[in-house]
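Below is one structure, written out as structure tokens; the observations come after it.
2 protein chains.
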Amino acid sequence: MGPGTGLDAGYENGYTAVPAVLLNDFRGDGAVASGTATIRDVARAAEVSVASASRALNGHHSVTPATRERVLSAARALNYVPHIGARSLSTRRSNTIGVVLPDLFGEFFSEIIRGIDLAAHRRGLQLLLSNMHGSADETALAIRAMRGRVDGLLVMSPDIEADFLAANLPSALPVVVMGARLDGTGHASIVIDNHAGAWAAVEHLVAQGCTRLAHIAGPADNEDALERVRGFREATRALLGDAAPLVLPGDFSEDAGVAAAGALLARGEIDGVFAANDIMAIACMVTLIEAGIAVPEQIAMIGFDDVPTARFVTPRLSTMAIRIADLGARALDRLVEAIDDPSARAGEPDHVMPELLVRASSLRGGRP
Amino acid sequence: MGPGTGLDAGYENGYTAVPAVLLNDFRGDGAVASGTATIRDVARAAEVSVASASRALNGHHSVTPATRERVLSAARALNYVPHIGARSLSTRRSNTIGVVLPDLFGEFFSEIIRGIDLAAHRRGLQLLLSNMHGSADETALAIRAMRGRVDGLLVMSPDIEADFLAANLPSALPVVVMGARLDGTGHASIVIDNHAGAWAAVEHLVAQGCTRLAHIAGPADNEDALERVRGFREATRALLGDAAPLVLPGDFSEDAGVAAAGALLARGEIDGVFAANDIMAIACMVTLIEAGIAVPEQIAMIGFDDVPTARFVTPRLSTMAIRIADLGARALDRLVEAIDDPSARAGEPDHVMPELLVRASSLRGGRP
DNA sequence: CTGTTAGCGCTTTCAT
DNA sequence: ATGAAAGCGCTAACAG
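Here the protein sequences come in this chain order: A and B. Be aware that the first sequence starts at 2, since it is given in the numbering used here, and climbs by one per residue. Be aware that the second sequence starts at 2, since it is given in the numbering used here, and climbs by one per residue.
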């Protein structure tokens with residue numbers, strides 16, 4: 002893991018649990034098939050009640066060292082593995098977090114999952130993944146299907162109407178929403194400051210001497226994308242006096258980037274492009290270069306997100322960087338807080354401020 | 002999704018379940034908080050027994066249309082959401098697959114997860130994710146922690162000794178192992194033909210006129226990586242008469258690629274590089290180019306995996322392509338087969354043959 | 001300290 | 001067709 006991600010902070014307290022029995026030095030070299038014996042078998046073998054077995058297994062202090070040892074060795078002998086499902090039914094704790102995402106495609110989501118996983122791993126939590134492949138109804142379904150198996154939900158669905166989302170969020174379960182603000186619903190949320198990010202991107206392009214900007218937009222139903230367009234428009238008007246800058250349609254996909262490059266080529270005149278995400282920026286840039294355009298000399302490019310790939314393209318891509326994995330980790334941390342203290346209603350959304358990351362794709366030494 | 006991935010095949014039969022009640026046209030717009038009422042509440046409200054409620058909710062045919070309607074509307078009114086955890090305890094079915102991976106970093110794993118998710122989604126299965134962050138003991142732990150919550154396990158851990166792995170796999174649970182062959186354990190597996198892939202890479206480089214090859218190796222404890230080195234060595238000896246070709250150490254990381262570039266620069270003479278994975282190839286290539294080396298003219302490059310990024314670098318990276326997402330999907334499909342028919346012992350491992358994908362980074366028109 | 005007894009929420013015989 | 005009751009495997013009072 003790279004330095005400075007802030008993800009390797011130490012253990013935190015609070016909602017965190019690794020069942021004691023799982024931490025035994027069991028290495029599965031017993032003779033019996035694992036996953037078969039129940040706690041009753043263990044109790045019988047150790048000649049104690051299931052209650053004592055349970056206590057011993059879970060490290061409760063109220064057990065004689067002697068019986069504890071009997072139970073433990075019986076468990077070992079039987080290759081006992083606790084049935085976590087049953088345990089959570091009884092304790093009303095699953096030590097599992099449900100993660101609901103709109104898509105699993107692309108580095109943005111994999112980075113987010115990585116961040117969530119890292120934070121979850123620190124606390125001994127498991128992740129139940131659910132991806133909606135787009136549809137709103139499926140999202141609702143996915144969310145409902147998590148009932149009784151998770152202690153909390155991490156939901157990201159920037160393209161689902163907030164109202165619909167709010168209506169389908171189980172109010173009994175702690176939820177953190179990523180990417181959409183759900184004010185007044187009592188759910189915590191964490192949002193990216195897209196507008197400011199877009200503005201900063203335009204500002205940078207202008208500082209590099211660009212005067213004819215274009216924006217490659219994200220999906221029309223995506224809140225983040227919409228805010229980026231808005232920021233772009235306002236900034237070009239304010240900074241360049243351009244009230245009707247070119248906005249090319251897009252959908253965060255590679256294809257959209259390629260198509261945008263085609264449009265740019267056909268039109269000419271544009272000397273700076275701000276894409277709503279990195280993947281479109283990269284696809285567009287590669288296409289432009291192959292068509293003989295010099296980047297950044299003829300057209301400067303800047304993206305949004307800072308996915309890992311941005312560093313590997315030639316020229317390296319400037320971008321409005323979000324520490325994506327960090328974002329996921331923060332979301333999980335907030336969720337854990339909410340689980341720890343269910344009474345605390347969520348306050349203001351957490352804000353994530355994208356950071357201008359200047360690399361070669363936009364650096365052409367205009368005004369410094 | 003790109004064309005030709007083979008991932009969008011239609012529904013298959015077999016182990017597939019979406020609980021009926023979840024498919025109702027419920028849209029969560031009721032007045033009561035969801036996730037609160039139990040089936041007893043529903044039964045009481047509908048004035049029937051819980052048994053009947055259960056039957057109605059699950060679409061059993063032995064219910065009067067009248068009572069079914071009463072139950073359903075009661076459920077709707079109460080905003081009832083079934084407690085899946087309790088259901089699986091009772092049915093011994095969780096409709097969940099446990100996925101155990103060694104790492105979540107990099108595009109290889111995110112692609113694999115995407116493939117698994119796609120296939121799982123088709124069958125209405127959920128994914129319980131678990132990542133070991135390296136340690137073997139953690140792997141064992143993660144596997145045991147899945148007991149009672151999953152119907153089957155998808156395990157990938159090329160850097161864990163096969164014996165240890167086999168000892169810790171629950172024999173009661175269907176398991177498909179990716180990337181390591183566990184013959185004779187009764188577990189299905191699916192492996193990449195690394196040796197042949199490496200050989201093909203060398204063959205291609207030689208055909209392009211390269212005569213002094215180097216290999217950037219993967220981790221020393223990774224089976225896939227080891228096979229790639231072996232293939233590389235054998236091929237260079239056979240094809241080039243080079244019995245002791247340069248093998249640079251690596252660990253599949255970006256840094257390793259950069260370090261390898263340094264070594265290459267210091268040494269000179271090498272005119273073709275085969276890296277054990279794409280990320281090292283890309284990092285190495287970018288570093289070489291920035292140092293003034295012409296790729297592929299002075300040094301031809303080829304990687305392994307075909308991660309999405311390989312298409313975006315300049316020059317585009319040649320690679321031994323694996324359809325990674327496909328691999329994940331296939332693994333899940335095999336697992337589902339095993340769940341469907343637990344009696345069938347696993348046969349031979351599935352083989353995945355990497356495919357030579359020639360892009361600009363290795364194309365220099367030597368012998369055609 | 002230990003055993004007995006209830007559940008957790010749901011499905012499922014087995015009667016009726 | 002419906003209901004009563006017995007679990008699924010585990011934990012948690014409550015007594016002893």
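Here a beta-carbon is modelled for each residue, glycine too, at the ideal position from N, C-alpha and C.
Please say whether A:Ile323 and A:Asp342 have beta carbons closer to each other than 8 Å? no
Pull up the DSSP beta-bridge partners for A:Phe305, would you. A:Phe305 is bridged by DSSP to A:Met321.
Kindly list the residues whose CB is nearer than 8 Å to the CB of B:Gly107, restricted to its own chain and excluding five residues on each side of it in sequence; keep chain order. Excluding residues within five positions, the ones whose Cβ falls inside 8 Å are Phe253, Ile280, Val308.
Unbroken stretches of the beta strand (DSSP E), 3 residues or longer, contained in the region 219 to 267 of chain A: 247 to 249
Is there at least one Cβ from chain A nearer than 8 Å to B:Val43's Cβ? no
Buried or exposed: B:Glu270, going by 16 or more other Cβ atoms within 10 Å of its Cβ? exposed
Three-state secondary structure assigned by DSSP to B:Asp26: Caution applies to B:Asp26, whose pLDDT of 34 falls short of 50 and renders its modelled position unreliable; the value that the coordinates give is listed next. B:Asp26: coil per DSSP, three-state reduction.
N- and C-terminal bounds of the alpha helix (DSSP H) containing B:Met354: Per DSSP, B:Met354 belongs to no alpha helix (DSSP H) and is neither H nor E.
C-alpha distance - B:Arg56 paired with A:Met179, whole-angstrom precision: 37 Å
Check whether A:Ile300 and A:Gly258 have beta carbons under 8 Å apart: no
Whether B:Ser116 touches B:Ile325 by CB criterion (8 Å): Here residue 116 of chain B is Gly; the residue named in the question, Ser, does not match the sequence. The answer is yes: Cβ separation under 8 Å.
Starting from the beta carbon of B:Thr37, find every residue of chain A whose beta carbon is closer than 7 Å, and list them in chain order. Ala173
If A:Ser50 and A:Val72 are in contact, beta carbons under 8 Å, what's the gap, nearest whole angstrom? About 10 Å; that fails the 8 Å criterion.
So, helix, strand or coil for A:Phe109, using DSSP? helix
Let me know if B:Asp152 comes out buried or exposed under the rule of 16 or more other beta-carbons within 10 Å of its beta-carbon. Residue burial is scored here from C-beta neighbours: B:Asp152 has at least 16 other C-beta atoms within 10 angstroms and is therefore classed as buried.
To the nearest angstrom, how far is it from the Cα of B:Ile303 to the Cα of A:Ala167? Cα-Cα distance, rounded: 49 Å.
Limits of the alpha helix (DSSP H) - the one that A:Ser89 falls within: 85 to 92
Considering only residues of the same chain and omitting the five flanking positions on each side of A:Gly187, which have a CB-CB separation below 8 Å? Exclusion of the five residues before and after A:Gly187 leaves Ser172, Arg346, Ala347 as the residues of its chain whose Cβ lies within less than 8 Å of its Cβ.
Residues of chain B with CB closer than 8 Å to the CB of A:Asn132, please, in chain order. Neighbours of A:Asn132 on chain B, chain order: Asp118, His122.
Helix, strand or coil for B:Ser190 per DSSP? It is a strand residue.
What does DSSP give as the partner residues of B:Ile98 in its beta bridges? B:Leu128, B:Gly153
Can you name, in chain order, every residue of its own chain whose Cβ lies under 6 Å from the Cβ of B:Asp42, other than the five neighbours on each side? Leu79
Find the residues of chain A that neighbour B:Ser95, judging by a C-beta separation of less than 8 Å, and give them in chain order. Gly86
Unbroken beta strand (DSSP E) run spanning B:Ala215, endpoints: 214 to 217
Can you give me the C-alpha to C-alpha distance between A:Leu102 and A:Leu241, rounded to a whole angstrom? 38 Å
Going by beta carbon distance, what residues of the same chain come within less than 7 Å of A:Ser89, once the five residues before and after it are set aside? Taking A:Ser89 as the centre and dropping the five residues before and after it, the same chain places the C-beta of Ser95 closer than 7 Å to its C-beta, in chain order.
Within a Cβ cutoff of 6 Å, which residues of the same chain sit near B:Arg229, ignoring the five residues on either side of it in sequence? Asn195, Ala199, Ala277
What did DSSP end up calling A:Val296 once you bin it into helix, strand or coil? coil
Pull out every residue of the region 137 to 169 of chain B whose Cβ sits closer than 7 Å to any Cβ of chain A, in chain order. Ala141, Leu142, Arg145, Ala146, Arg148, Gly149, Arg150, Ala168, Asn169
Cα separation between B:Ala38 and A:Arg124? 30 Å
May I ask you to list, following chain order, the residues of the region 274 to 302 of chain B that have a beta carbon less than 8 Å from some beta carbon of chain A? From the region 274 to 302 of chain B, only Ile283, Ala284, Val287, Ile290 have a Cβ closer than 8 Å to chain A.
Measuring only the C-alpha atoms, how far is A:Thr92 from B:Ile191? 38 Å
Beta-carbon separation of B:Ser362 and B:Arg317 under 8 Å? Yes, the Cβ-Cβ distance between B:Ser362 and B:Arg317 is below 8 Å.
Could you name the residues of chain A that B:Ser319 contacts, counting a contact when the two beta carbons are closer than 7 Å? Neighbours of B:Ser319 across chain A, judged by C-beta separation under 7 Å, do not exist; the nearest C-beta is about 15 Å away.
C-beta neighbour in chain B for A:Val192, strict 8 Å: With a threshold of 8 Å between beta carbons, A:Val192 makes no contact with chain B.
Within 10 Å of its beta-carbon, does A:Asp184 have 16 or more other beta-carbons around it, so buried, or fewer, so exposed? exposed
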